[in-house]
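Letter by letter, the sequence shown follows residues 1 to 548 in the UniProt record's numbering.
Note that CB positions come from ideal geometry on N, CA and C, so glycine has one too.
Notes follow the structure.
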Amino acid sequence: MSLGPGPPLARSTLAARDGRHKGFGRTFPPYGRGCSGLRAHGAPARPVAEGSAARKSCPSAGPTPGASPRPDPPGGPVTEPAPPSSLPVVRVPARPGPPLRFQLRPVAPSLRSFLATEAGGAVLLLAATVVALVWANSAWSGAYDALWSTEAGWRVGPWAFEMDLHHWVNDAAMAVFFLVIGLEINREVTSGELRNRRTVAVPALGALGGLAVPALIYVAFNAGSPAEHGWGIVMSTDTAFLVGILALFGPRCPDQLRLFLLTLAVVDDIGAITVMALFYTDDLWLPGLLVAAVLVVVILVLRWLGVWRLAPYALAGIALWGAVYASGVHATLAGVLVGLLVPSRSSRPVDVAVVPKYAKRLAQETTAEREHLTELAARAAVPTSERLQRVLHPWSAYVVVPVFGLANAGVQLDGESLRAAATSPVTIGVAVALVVGNAVGIFGAATLALRLGLGDLPGRVRYSHLLGGAILAGIGFTISLFIAELAFDDEALVEQAKIGILAGSLVAAVLGSVALRLFGERWPLCSPGADGPPPELPPLPWHPPATT
């Protein structure tokens, strides 16, 4: 293939042996002086001797007059094989030049994996929401209601346990979602962003503003009415939608902004879960709480004993879910407790040194016993919380949360319900609190923290990016829908709150994406030579040098 007049590209292997490369653009034989080591594509192989004269010679012109090349190295001349295909090839040295990409502050691979899973899960959650809305407003809306009203459970002799599918999703499946949130909080506090005070101060105070201001705005719209009890609906940011929309429609190089918003969302989730436990719990059954407390102690003992297998924690977690459910507290809080209590550090650090020894012996002689010991040592070297999160997080992001959206987003949007929602203080209060309350609360509190010198913005993040992220944090879907089911007994209020959640989240997503896109173009987040795309390779020699 030729990209211009003249013969196609040339190839150099002498450049890879030369050792004189000091970086792209300086003393780079194929692109620099003369035609060192070049031969026309398709020409037969020729001897290549190492030496300055050979490096300055051109295949089309022959040897340079007056030059006396050095004798061939021991073993005979080094020949260059003909190219295997018709495409031009240029070999670039792997080591001498600078790295093609480096970052000012690289993001941990575990965090990149978490964000990638959340971004993919956000697409499925959005699709499930659309399906639920279309299904609930179609001719098959009766089938939608009948599906989630179907009873399911088990019976053993005189004991039975049954719930409809809607409650199985909200009470049981969502415990897995909250377990993953607890594991993420556990990891961030132990070895992540929440460990550094200055790093966490700004997003943490921003999250507190994002909890308080939206709640006050909602109460201002519904003060003195029975709907006032729903103030907790607007206190949550949906992590899956936040990260997914930032990845799909956000600015280029959003890593540092994403870290900031993820830290904010984690602190926000802590506040929302605490509010849900304290203010949205009905009648309490004391024996159930006592059993739950005993099971929490059991998990702490397992942690103290250094138990690293997942099975004991899984059994204790399932029993804890049953005890919390029987106590009257919402059962999903059991997931948060297990996530916070599971060990986040390796209980057997010596196993980290044992694994390479086992692997070396296994490579020398493979036996079933050695293979089993190597596998056990490798598992014990990885923290229990990380192994549990690797197992559960894809199920949470790709199954549990989309099914929750399918089960809870089916709001009937007929003319009557829309007219009622347009004048309902619940709908208006929820929508305004999500969009305006989060933007004002998060941006104002974070700005105050910066002015007081309590922390810094990461990387090249500016106040404009902070404002766009604060608007985007108004997406309150999963936990907001969840609290709406707990806050109201009146189904009409639940429907009005859901319409406000959908409308406010949609407006926040659109405004936040547009703002971040515009601000990202005006003040790029990509650091010159750090973030962004890799630098381009040196210009290629499209035409061989003219011979004299």
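Is there a Cβ of chain B sitting closer than 7 Å to that of residue i, yes or no?
i, result
"residue 504", "Here chain B cannot be found, since the structure has a single protein chain."
Could you check the C-alpha separation between residue i and residue j for me, to the nearest Å?
i, j, result
"residue 442", "residue 235", "12 Å"
"residue 307", "residue 297", "14 Å"
"residue 196", "residue 459", "15 Å"
"residue 545", "residue 187", "Below a pLDDT of 50, predicted positions are generally treated as unreliable, and residue 545, at 46, falls in that range; the measurement from the model is reported next regardless. Cα to Cα, the separation comes out at about 59 Å."
"residue 211", "residue 273", "12 Å"
"residue 510", "residue 293", "44 Å"
"residue 476", "residue 430", "10 Å"
"residue 127", "residue 166", "19 Å"
"residue 471", "residue 440", "8 Å"
"residue 96", "residue 244", "Low per-residue confidence applies at residue 96: pLDDT is 42, beneath 50, and the placement is therefore not dependable, though the value from the model is reported in the following sentence. Between residue 96 and residue 244, the C-alpha separation is close to 39 Å."
"residue 284", "residue 256", "43 Å"
"residue 501", "residue 485", "12 Å"
"residue 101", "residue 252", "Residue confidence for residue 101 is low, a pLDDT of 39 falling below 50, so the modelled location carries little weight; the figure read from the coordinates is stated next. Straight-line Cα distance between these residues: approximately 15 Å."
"residue 491", "residue 230", "13 Å"
"residue 319", "residue 446", "41 Å"
"residue 204", "residue 268", "8 Å"
"residue 226", "residue 494", "12 Å"
"residue 408", "residue 417", "17 Å"
"residue 159", "residue 393", "33 Å"
"residue 391", "residue 129", "25 Å"
"residue 461", "residue 301", "43 Å"
"residue 505", "residue 435", "7 Å"
"residue 144", "residue 342", "38 Å"
"residue 184", "residue 247", "19 Å"
"residue 45", "residue 515", "Only weak support is given to the placement of residue 45: the predicted model assigns it a pLDDT of 43, under 50, and the question is left unresolved by the model."
"residue 189", "residue 198", "13 Å"
"residue 91", "residue 191", "The pLDDT assigned to residue 91 is 43, lower than 50, so where the model puts this residue is not dependable, and the model offers no usable value."
"residue 330", "residue 179", "13 Å"
"residue 299", "residue 312", "9 Å"
"residue 344", "residue 383", "5 Å"
"residue 291", "residue 214", "36 Å"
Given a cut-off of 7 Å on the beta-carbon distance, is the pair residue i and residue j in contact?
i, j, result
"residue 468", "residue 438", "no"
"residue 201", "residue 413", "no"
"residue 218", "residue 433", "yes"
"residue 478", "residue 238", "yes"
"residue 262", "residue 207", "no"
"residue 339", "residue 182", "yes"
"residue 139", "residue 410", "no"
"residue 326", "residue 288", "yes"
"residue 174", "residue 332", "yes"
"residue 402", "residue 124", "yes"
"residue 169", "residue 396", "no"
"residue 513", "residue 260", "no"
"residue 558", "residue 221", "Past the boundaries of the shown model lies residue 558; the chain is included only from 1 to 548, so the question cannot be answered."
"residue 385", "residue 233", "no"
"residue 464", "residue 519", "yes"
"residue 295", "residue 314", "no"
"residue 499", "residue 421", "yes"
"residue 310", "residue 388", "yes"
"residue 209", "residue 444", "yes"
With residue i as the anchor, note down where its alpha helix (DSSP H) starts and where it stops.
i, result
"residue 249", "239-249"
"residue 521", "491-522"
"residue 335", "333-341"
"residue 287", "286-304"
"residue 393", "384-395"
"residue 312", "310-327"
"residue 223", "Element bounds for residue 223: n/a, residue is neither H nor E."
"residue 148", "141-148"
In terms of residues, what are the limits of the beta strand (DSSP E) holding residue i?
i, result
"residue 155", "151-156"
Which residue or residues does DSSP assign as beta-bridge partners of residue i?
i, result
"residue 161", "154"
### Message
Runs of 4 residues minimum, wholly inside the region 166-198: which ones carry the alpha helix (DSSP H) assignment?
### Response
174-191
### Query
Which residue spans inside the region 402-487 form an unbroken alpha helix (DSSP H) run of at least 4?
If we require 4 residues or more, the alpha helix (DSSP H) runs fully inside the region 402-487 come out as 415-422, 425-432, 438-451, 463-472, 478-487.
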